[in-house]
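Note sheet for the following structure.
Residue numbers (full-length UniProt numbering): 1 to 636.
In structure tokens form, the structure reads like this:
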């Protein structure tokens, strides 16, 4: 319902602390008549805020909060909807005298940490009544709890919560008349929000309950005003893996591995970030692979509640193929590889540098972590030609890479994981294409196909030409949307609003000395957004139909590109169906795309993107790879 507030009850309580005048300042209603009076229920109206958004927006906001309680409480994951009467639910539930019951929903609030907080079932009613020109809408929360002690930490310790929205239609018409030139003073806001509690017997209103009421009302007011101003959601989550499945798996993995890994952490970096970030990625992969493959034997029965879902999916989709194995290229600290192996998925990981974290894993896990440099076979072959005297580069020399290297050739269909793999990020879809594999790439730092740092364009050159998109970073076309999660966006928005009120609104750094971004700069995509678009473009060039997902992980580098649906490069733009893997419609191997053909496609792509021969690229790559191996390992 609302976040925990442990601040000083007076210093941070707008109810008891004088506030500067503001049109949306909350009004204390604790000493007035309550908005709702029912027999055998002690109701108290806490606060009221003027508002200018109509009833239909109030209903949209409240339905969104009912379905997504995590918006008002960081202690909650989500709400599972058990029942929804829809618009025809006027016969459900206990009537409210004087009101028409329009809709009933029953939800279960799912806590983020079930070891600390229990789930809570709650009935939500939507009521409406008319009083002359005034329309009143009420959303009533009824938790299924009998006493204060049964209430979980994240919910106000009250027996009922009611949200009121009043809307005076006559005042709206009067306000419109004023805006059309009438000289009469501007009327007050035509609407008002208020919140009421029904207290448990022998309990009283506490400062914490008042603060919670204020936060809830402020959230509703902010979302309502945003909807009225035309706010459009920019980040769409859970498009590949359903939220419930992901969060349930994340909770299971966090309970199983989180504390163990955090307590054994040996790196200097923050375990709270790296451990739970990799647990989140592992949860996403487990559920993604569940869509694509049969679960490993050790996974069967891990979640009895989902067993019916598994059988239903099998009936609908037929028998799924066995999991082909995974490889985590640039595996870093090895946490992700450790979790996936422990969950029964066969695979391994390697990195240019061994990490101290590897030593905390069991011996059986350490055997699947290797210190190796990746030199793609395509580059290795051309480097061999250079070493044999075929190079036109006078600086070319034979480089010893035989001691610890991998050529990027894996068993066919091996799932390739590229998590903040930096130099390997752009190569990820290319390696997947060469190995007839699926992949996931989670970009971080931007490197080109020779391993050099650069600002990625938003598209490859050939696709940019087809779509008439400029590849110059300063004038790129529209890239991927802002991938920050809602709470990250809100924090940034609050920071910007404080800066904007302190700075003049003029533009031009030279004239004003202002460091504010110009309108043109604000439209330019970030370097990270361009990198993600570029990786997706490389995947499209090699025949994939890439999917993107904003991951629910504690990182601003949280967008992933998934390649699991495929079409032939020359058939780009022609849909061949939503199929996983690299089989044609007859189910036979693609004879037209043998190993040599794939190498030619990748060679042409690399040379076109870098405007250099593959001989030169191979020398640059190997030289950088050797330098990378000499650097100390980081926490990732």
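C-beta atoms are modelled at their ideal positions from N, C-alpha and C, and glycine is treated no differently.
Model, not experiment: these values are computed from the prediction.
What does DSSP give as the partner residue(s) for residue 161 in the beta ladder? Here residue 161 corresponds to residue number 161 of the chain shown, with the count starting at 1. Note: residue 161 sits in a beta bridge opposite 141 and 197.
In angstroms, rounded to a whole number, what distance separates the CA positions of residue 534 and residue 457? Position 534 of the chain shown, counting from 1, holds the residue named residue 534. Position 457 of the chain shown, counting from 1, holds the residue named residue 457. The alpha-carbon atoms of residue 534 and residue 457 are separated by roughly 6 Å.
Identify, in the order they occur along the chain, each residue of the same chain with its Cβ nearer than 6 Å to the Cβ of residue 324, setting aside the five sequence neighbours on each side. Start at 1 with the first residue of the chain shown, and residue 324 comes out as number 324. Result list for residue 324: 413 and 414, in chain order.
Beta-carbon spacing of residue 433, residue 543 below 8 Å: Taking the first residue of the chain shown as position 1, residue 433 is located at position 433. Taking the first residue of the chain shown as position 1, residue 543 is located at position 543. Cβ atoms of residue 433 and residue 543: closer than 8 Å.
Unbroken alpha helix (DSSP H) run spanning residue 595, endpoints: Your numbering for residue 595 matches position 595 in the chain shown. Where residue 595 is concerned, the enclosing alpha helix (DSSP H) stretches over 595-610.
Quick one: measure Cβ to Cβ for residue 79 and residue 107, integer angstroms, because I've assumed they're closer than 8 Å. On the chain shown, position 79 is the one that residue 79 refers to. On the chain shown, position 107 is the one that residue 107 refers to. Indeed, because the Cβ distance is near 4 Å, the residues count as touching under 8 Å.
Where residue 317 and residue 249 are concerned, what is the direct C-alpha to C-alpha distance, given to the nearest angstrom? Counted from its first residue, the chain shown places residue 317 at position 317. Counted from its first residue, the chain shown places residue 249 at position 249. Caution applies to residue 317, whose pLDDT of 49 falls short of 50 and renders its modelled position unreliable; the value that the coordinates give is listed next. Near 22 Å, if we compare the C-alpha coordinates of residue 249 and residue 317.
In chain order, what residues of the same chain have a beta carbon less than 6 Å from the beta carbon of residue 128, not counting five sequence neighbours either side? Along the chain shown, read from residue 1 onward, the residue named residue 128 stands at position 128. Once the five neighbours on either side are set aside, the close Cβ partners of residue 128 are 100, 102 and 137.
Output the distance between the C-alpha atoms of residue 623 and residue 286, rounded to the nearest integer angstrom. Here residue 623 is taken as the residue at index 623 of the chain shown, counted from 1. Here residue 286 is taken as the residue at index 286 of the chain shown, counted from 1. Rounded to whole angstroms, the gap between the alpha carbons of residue 623 and residue 286 is 36 Å.
Within 10 Å of its beta-carbon, does residue 57 have 16 or more other beta-carbons around it, so buried, or fewer, so exposed? Reading the chain shown from its first residue, position 57 is the one you call residue 57. By the neighbour-count rule (16 or more Cβ atoms within 10 Å), residue 57 is buried.
Okay, do the region 148-158 and the region 33-41 touch, 3+ Cβ pairs below 8 Å being the bar? no
If you follow the alpha helix (DSSP H) that residue 291 is in, where does it begin and where does it stop? Residue 291 sits at position 291 when you count from the first residue of the chain shown. Where residue 291 is concerned, the enclosing alpha helix (DSSP H) stretches over 271-292.
Using DSSP with H/G/I as helix, E/B as strand and the rest coil, what is residue 370? Numbered from its first residue, the chain shown carries residue 370 at position 370. Of the three classes helix, strand and coil, the one that applies to residue 370 here is strand, per DSSP.
To the nearest whole angstrom, what separates the beta carbons of residue 327 and residue 344, a pair I think is in contact under 8 Å? Numbered from 1 along the chain shown, position 327 holds the residue referred to as residue 327. Numbered from 1 along the chain shown, position 344 holds the residue referred to as residue 344. Here residue 327 is actually not in contact with residue 344; their C-beta atoms are around 16 Å apart, not less than 8 Å.
Could you spell out the range, first to last residue, of the beta strand (DSSP E) harbouring residue 68? Position 68 of the chain shown, counted from the start, is the residue given in the question as residue 68. Where residue 68 is concerned, there is no enclosing beta strand (DSSP E), given that its DSSP letter is neither H nor E.
If contact is defined by three or more beta carbon pairs under 8 Å, each pair taking one atom from either stretch, is the region 245-260 in contact with the region 223-236? no
Which residues mark the beginning and the end of the beta strand (DSSP E) in which residue 211 is found? Counting from one through the chain shown, the residue named residue 211 turns up at place 211. Unbroken run through residue 211 is the alpha helix (DSSP H), 207-228; no beta strand (DSSP E).
Spatial neighbours of residue 581 in its chain, beta-carbon cut-off 6 Å, leaving aside the 5 residues before and after: Your numbering for residue 581 matches position 581 in the chain shown. With a pLDDT of 49 at residue 581, under the threshold of 50, the modelled position of this residue cannot be trusted; read the value that follows with caution. Hits under 6 Å: none found.
Per DSSP, which one or two residues make a beta bridge with residue 535? Your numbering for residue 535 matches position 535 in the chain shown. Bridge partners of residue 535: none, in fact.
Could you give the distance in angstroms between the alpha-carbon of residue 210 and the alpha-carbon of residue 203? Position 210 of the chain shown, counted from the first residue, corresponds to residue 210. Position 203 of the chain shown, counted from the first residue, corresponds to residue 203. A direct Cα-to-Cα measurement between residue 210 and residue 203 gives close to 14 Å.
Taking residue 193 as the reference, give the member of 27, 606, 370 and 556 with the closest Cα. As a working note, residue 193 is residue 193 in the chain shown. The shortest Cα separation from residue 193 among 27, 606, 370 and 556 belongs to 27.
Check whether residue 420 and residue 440 have beta carbons under 8 Å apart: In the chain shown, counting from the first residue as 1, residue 420 sits at position 420. In the chain shown, counting from the first residue as 1, residue 440 sits at position 440. No; because the gap between Cβ atoms is not below 8 Å, this pair is not in contact.
Among 117, 428, 50 and 462, nearest to residue 448 - alpha-carbon criterion: Your numbering for residue 448 matches position 448 in the chain shown. It is 428.
Let me know if residue 357 comes out buried or exposed under the rule of 16 or more other beta-carbons within 10 Å of its beta-carbon. Translated into the one-based positions of the chain shown, residue 357 becomes position 357. Answer is buried; the Cβ neighbour count reaches 16.
Could you give the distance in angstroms between the alpha-carbon of residue 614 and the alpha-carbon of residue 606? Mapped onto the chain shown, residue 614 falls at position 614. Mapped onto the chain shown, residue 606 falls at position 606. Here the C-alpha atom of residue 614 lies approximately 7 Å from the C-alpha atom of residue 606.
Who pairs with residue 128 in a beta bridge, going by DSSP? Within the chain shown, numbered from 1, the residue matching residue 128 stands at position 128. Answer is 100 and 137.
Cutoff 6 Å; reference residue 50; Cβ partners in own chain excluding five residues on either side: Numbered from 1 along the chain shown, position 50 holds the residue referred to as residue 50. Hits under 6 Å: 189 and 192.
Measure the beta-carbon distance from residue 407 to residue 380 and round it to whole angstroms, keeping in mind my assumption that it falls under 8 Å. Start at 1 with the first residue of the chain shown, and residue 407 comes out as number 407. Start at 1 with the first residue of the chain shown, and residue 380 comes out as number 380. Indeed they touch by this definition, with Cβ atoms about 5 Å apart.
Closest residue to residue 365 among 376, 336 and 555 (Cα-Cα distance): In the chain shown, the residue the question calls residue 365 occupies position 365. Residue 336 is the option with its Cα nearest to residue 365.
Counting along the chain, where does the alpha helix (DSSP H) carrying residue 338 start and finish? As a position in the chain shown, residue 338 is number 338, starting the count at 1. 335-342 is the extent of the alpha helix (DSSP H) around residue 338.
Within the continuous beta strand (DSSP E) that includes residue 547, where are the two ends? Mapped onto the chain shown, residue 547 falls at position 547. First-last of the beta strand (DSSP E) with residue 547: 547-550.
C-alpha distance - residue 168 paired with residue 63, whole-angstrom precision: Translated into positions along the chain shown, residue 168 becomes position 168. Translated into positions along the chain shown, residue 63 becomes position 63. Each residue's alpha carbon lies about 22 Å from the other.
In or out: residue 511 buried (at least 16 other Cβ within 10 Å) or exposed? Here residue 511 refers to the residue found at position 511 of the chain shown. In this prediction, residue 511 has a pLDDT of 49, which is less than 50 and means its spatial position is unreliable; what the coordinates show is noted afterwards. Burial call: exposed.
DSSP state of residue 558, grouped into three classes? In the chain shown, the residue the question calls residue 558 occupies position 558. Note: residue 558 maps to coil in three-state DSSP.
DSSP three-state label for residue 420, please. To locate residue 420, count along the chain shown from 1; it is residue 420. Looking at residue 420 - three-state DSSP - the assignment turns out to be coil, as it is neither helix nor strand.
Chain-order list of residues whose beta-carbon lies under 7 Å from that of residue 147 (same chain, five-residue window excluded): Translated into positions along the chain shown, residue 147 becomes position 147. Hits under 7 Å: 200.
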